[in-house]
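Structure record follows, encoded as structure tokens.
Protein chains: 2
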Amino acid sequence: MTTDQDRSGIFEGKQSLLITDTVIDGKSTEIFINETGTIAAIGDLRAGYKAEADYIIDADGALALPGLVNTHTHAAMSLFRGYADDMILQDWLGQKIWPLEAHLTGEDVYWGTKLACLEMIRTGTVAFNDMYFFMEDAARAVDESGIRAVLSFGFIDLFSDEKRENECRATEKFTRHVGSMNNPRIKSAVGPHAIYTVSPKGLEWCAEFAKEQEIGIHIHLSETEKEVNDCVAGHGRRPAALLDDYGILTPRTIAAHCCWLNEAECGLLGKRGVSVSHNPASNMKLATNRAMPWQQLVAVGANVCLGTDGCASNNNLDMFEEAKIAALLQKFFWNDPAALPAPRALAMATFAGGKALGFGSGTLAVGAPADLILVATRTPCNTPLHNAFSNLVYACNGGSVETTLCNGKVLMLNREIPGEEQTLAAAKAAAEDLVRRAASA
Amino acid sequence: MTTDQDRSGIFEGKQSLLITDTVIDGKSTEIFINETGTIAAIGDLRAGYKAEADYIIDADGALALPGLVNTHTHAAMSLFRGYADDMILQDWLGQKIWPLEAHLTGEDVYWGTKLACLEMIRTGTVAFNDMYFFMEDAARAVDESGIRAVLSFGFIDLFSDEKRENECRATEKFTRHVGSMNNPRIKSAVGPHAIYTVSPKGLEWCAEFAKEQEIGIHIHLSETEKEVNDCVAGHGRRPAALLDDYGILTPRTIAAHCCWLNEAECGLLGKRGVSVSHNPASNMKLATNRAMPWQQLVAVGANVCLGTDGCASNNNLDMFEEAKIAALLQKFFWNDPAALPAPRALAMATFAGGKALGFGSGTLAVGAPADLILVATRTPCNTPLHNAFSNLVYACNGGSVETTLCNGKVLMLNREIPGEEQTLAAAKAAAEDLVRRAASA
């Protein structure tokens, strides 16, 4: 055992840890994590494990929570943070986002994903569901960061046979690549972007390939009213029914946004066991004009989880903030101050997210991997501490997270993250260079 | 001049300060603050002022901003943070808030206000507009905290002549008390709670007294649809017209919420020069079902500012978060992604707030009091830094504030606030004791 003072090596992983003076469900407790990264014991352990632990982390009364799970983002878009805001969708995409994306390189995506992982570690997120391009570079960044991710190549064929073939091959190649990494923290999924960017044949291929490979599907669904209206006009039925025809709706599927689902579509998603990712900040910023029908989805047993969307439309990856905005938006839009209470909002960001990604994250239990965060209580946002759920959702934000562990590895300790400065500097340089290249093109 | 290392005494005030390596409008600059707390020079000053300054603060590339101004809160309700959430309004008030308030003491209000001021300093707010009870104790807390406040005793006569007389005397007494404090950071205002809690005679007295004393008026206006409907049913006209009849609408008036204003009422508020405090998080949490008509108010020249409301209905005092939620809510509710762009949202929280409170806060200019904050840029939320306004509003929160000055006095330096631990502990104890007293009553 090392002393509390000797911290050299604590970020290296594969060591046993004893967390003391932490609070779970209002009770002071200890947590012992063995060297395989598993929670081995929870309770009054001090006597039994103090000698055994490689390191002791004194949590100083901090709340222990399962690490948060972000079920919809485009991590590398952290490079676009603040590049274009307050614009109508067509101008935003056509004048700003697409011209920049045309100049993206794999190295940009690597640094953008590194920056995103850093921000997630800092704000208590230990797993995320990603869709973007240059995904082998994204995978490299995730591998180094120490958190978990389900990564999907954004499959966009724009109804062209030739493009579709390219996207199929790219998806296959990336799936093989992730397999070859053999990193249990990283999984691949199939990423058909949306019904308005992927052909029926493309969607069918994605469903078939995901089934054959037993991997997830990550798709945008019913984000805008236009998507629904165009779908009804073109196909005579609504988006969820259309996706169901193509085999896209499965228990391995995460559907993002889902603002414009009607009751029948909620029922269909529930029946198929789809996970629905609520993205309230992005929906409000881009003015989708309707909030996801949380109550209806919950009523049919759908697994409703939470995501930030990418930093071009949010503009951060703080899942605590997202949980607050989710609870506020549900109350406001559906005109019910009792809608989406704080414990449910937090469960969306933890348990439901873990279930959606299939990582087994999302709970603190003996035998579970130690995906765990410590949230400071000696702060204004946790003073007084009448109700931890309320404070966590309505008063605190990701800045209250002091320590983050994923699979037992310490990724942040008392707000220190090894290598943070270098990542910030390199990501900043990559973003600036990208803008320069786009401007001089 | 002391060295960078010698920091003893930097929190004591009445010293000259040179802030180096800070960024204003994208340019690296220095700021010199003289010992009276006034910004004496801004620019490339290093050579000229280094010898003269008592202390040098190396901002390490942080953004310098005017300190934020919170134009509607009930500071001492920080003691109620997380005590009751996710409930319908009547149950929330009747079962939770009022029973607790019945046991409030002046000492509770002192510690609640101390906690609130601490949280504001930590999140970059330097001035606030308060309405509550035991206001002499609130004033004592503000005096000690070092920030600015306009304080009003919540005038509630419930249409009783006897109560009205009591409220008038209490208001007079508190106004005299603030006068006797002779602290330029603290002003009194008259605080008629709302049209549904204050009689016409009470409202008229408040308007008259405020005019005579040349002090502000702080009132809740059109928070809910019920308030409007009841007013129309009872008086044959809408709330703003009613208040105008009683003389409440003046350039010294701050009207909070204003969710349910119609176009004519916006015009009236604009004509009377009223400041309108937008409180989006509280409105969403309590499901007011309509967002303040920002665009209409701006079109008629109303001074639209920003406030958090009290911690029972938000549940924090983070004005950066509030600015984000304001921008998101305006876009979402009014179905326009270009509504309330980031620079305007930030101006609501700075310039417009300073104007509303009449403190001259809200700008960084030579000759202005140094109400100033430094926001870290070596953080994920400010990386990359394509656009500082966008990052500040959409990506950062109050946790990015490193240093807070009010009237030239350093209240927080590199996230250190003297006395923080004691305030947190005492406020926690006060809140717990209050709940115990209420439970055993």
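Just so you know, the protein sequences line up as chains Z and X, in that order.
Residue 11 is where the first sequence starts when you use the numbering used here, and the numbers rise one by one after that.
Residue 11 is where the second sequence starts when you use the numbering used here, and the numbers rise one by one after that.
Beta carbons: idealized from backbone N, C-alpha and C, even for Gly.
Would you decide whether residue i is buried or exposed? Buried here means 16 or more other CB atoms lie within 10 Å of its CB.
| i | result |
| --- | --- |
| PHE342 of chain X | buried |
| PHE163 of chain Z | buried |
| ILE98 of chain X | exposed |
| MET11 of chain Z | At MET11 of chain Z, the pLDDT of 37 sits below 50, so the modelled position is not reliable and the matter cannot be decided from this model. |
| PRO351 of chain X | buried |
| GLN340 of chain Z | buried |
| GLY317 of chain Z | buried |
| ASP101 of chain X | exposed |
| PRO7 of chain Z | Residue coverage of chain Z in this structure runs from 11 to 451, which leaves residue 7 of chain Z outside it and unanswerable. |
| SER190 of chain Z | exposed |
| ALA333 of chain X | buried |
For residue i and residue j, I'd like the C-alpha separation in whole angstroms.
| i | j | result |
| --- | --- | --- |
| LEU279 of chain X | SER198 of chain Z | 56 Å |
| SER88 of chain X | PHE165 of chain X | 20 Å |
| ILE52 of chain X | GLY372 of chain X | 16 Å |
| ASP240 of chain Z | PHE169 of chain Z | 15 Å |
| LEU384 of chain Z | CYS321 of chain X | 23 Å |
| VAL420 of chain X | VAL152 of chain X | 15 Å |
| THR13 of chain X | LEU75 of chain X | Here the model assigns THR13 of chain X a pLDDT of 45, short of 50, so the residue's position is not dependable and the matter cannot be decided. |
| ALA398 of chain X | GLY134 of chain X | 16 Å |
| GLY277 of chain Z | VAL242 of chain Z | 18 Å |
| TYR256 of chain Z | VAL314 of chain X | 50 Å |
| TRP121 of chain X | ALA349 of chain Z | 32 Å |
| GLY212 of chain Z | GLY201 of chain Z | 11 Å |
| GLY408 of chain Z | GLU331 of chain X | 12 Å |
| TRP304 of chain X | GLU45 of chain X | 40 Å |
| ARG179 of chain Z | GLY311 of chain Z | 35 Å |
| MET141 of chain Z | SER209 of chain Z | 18 Å |
| ALA366 of chain X | ALA217 of chain Z | 58 Å |
| ILE66 of chain X | THR433 of chain Z | 29 Å |
| LEU252 of chain Z | GLU233 of chain Z | 15 Å |
| ALA386 of chain X | ASN80 of chain Z | 25 Å |
| VAL188 of chain Z | SER410 of chain X | 36 Å |
Taking a contact to mean a Cβ-Cβ separation below 9 Å, would you say residue i touches residue j in this structure?
| i | j | result |
| --- | --- | --- |
| THR389 of chain Z | LYS438 of chain X | no |
| LEU327 of chain Z | ALA85 of chain Z | yes |
| ALA336 of chain X | HIS288 of chain X | yes |
| ALA375 of chain Z | GLY418 of chain Z | no |
| VAL284 of chain Z | PRO261 of chain Z | yes |
| HIS228 of chain X | HIS82 of chain X | yes |
| ASP64 of chain Z | SER18 of chain Z | no |
| ALA405 of chain Z | GLY92 of chain X | yes |
| ASP35 of chain X | ALA72 of chain X | no |
| ILE225 of chain X | THR185 of chain X | yes |
| ILE49 of chain Z | LEU382 of chain Z | yes |
| LEU402 of chain X | LEU356 of chain X | yes |
| MET329 of chain Z | ALA359 of chain Z | yes |
| ASN345 of chain Z | ALA291 of chain Z | no |
Anything in chain Z within Cβ reach of residue i, meaning under 9 Å, just list it in chain order.
| i | result |
| --- | --- |
| LYS341 of chain X | ASP96, MET294, LYS295, LEU296 and ALA297 |
| GLU331 of chain X | GLU331, LYS334 and ASN407 |
So which residues on chain B does residue i lean against when the C-beta distance must stay under 9 Å?
| i | result |
| --- | --- |
| ALA266 of chain Z | Absent from the structure is chain B; the protein chains it does hold are Z and X. |
Name, please, each residue of chain X whose Cβ falls closer than 7 Å to the Cβ of residue i.
| i | result |
| --- | --- |
| THR413 of chain Z | Those do not exist, as THR413 of chain Z stays about 16 Å from chain X at its closest Cβ, beyond 7 Å. |
| THR393 of chain Z | LEU125, LEU434, ALA437 and LYS438 |
DSSP puts residue i in a beta bridge; with which residues?
| i | result |
| --- | --- |
| MET141 of chain X | X:SER162 |
| ASP68 of chain X | X:THR30 |
| LEU382 of chain X | X:PRO76 and X:LEU415 |
| GLY429 of chain X | Bridge partners of GLY429 of chain X: none, in fact. |
| LYS197 of chain X | X:VAL160 |
| SER463 of chain X | Residue 463 of chain X lies beyond the residue range present for chain X, which begins at 11 and ends at 451; the question has no answer from this structure. |
| LEU423 of chain Z | Z:GLU426 |
| ALA51 of chain Z | Z:PHE42 |
| GLY226 of chain X | X:ALA199 |
Whose Cβ in chain Z lies nearer than 8 Å to the Cβ of residue i?
| i | result |
| --- | --- |
| PRO261 of chain X | Residues of chain Z passing the Cβ test: none, with the nearest at roughly 30 Å. |
| PRO347 of chain X | ASP96, MET97, ILE98, LEU99, TRP102, LYS295, LEU296 and ALA297 |
Since residue i meets chain X, which of its residues come closer than 9 Å, beta carbon to beta carbon?
| i | result |
| --- | --- |
| TYR93 of chain Z | PRO394, HIS396, ASN397 and SER400 |
By the criterion of Cβ-Cβ separation under 8 Å, what are the contact partners of residue i in chain X?
| i | result |
| --- | --- |
| LEU338 of chain Z | ALA291, MET294, LYS295 and ILE335 |
| LEU89 of chain Z | PRO394 |
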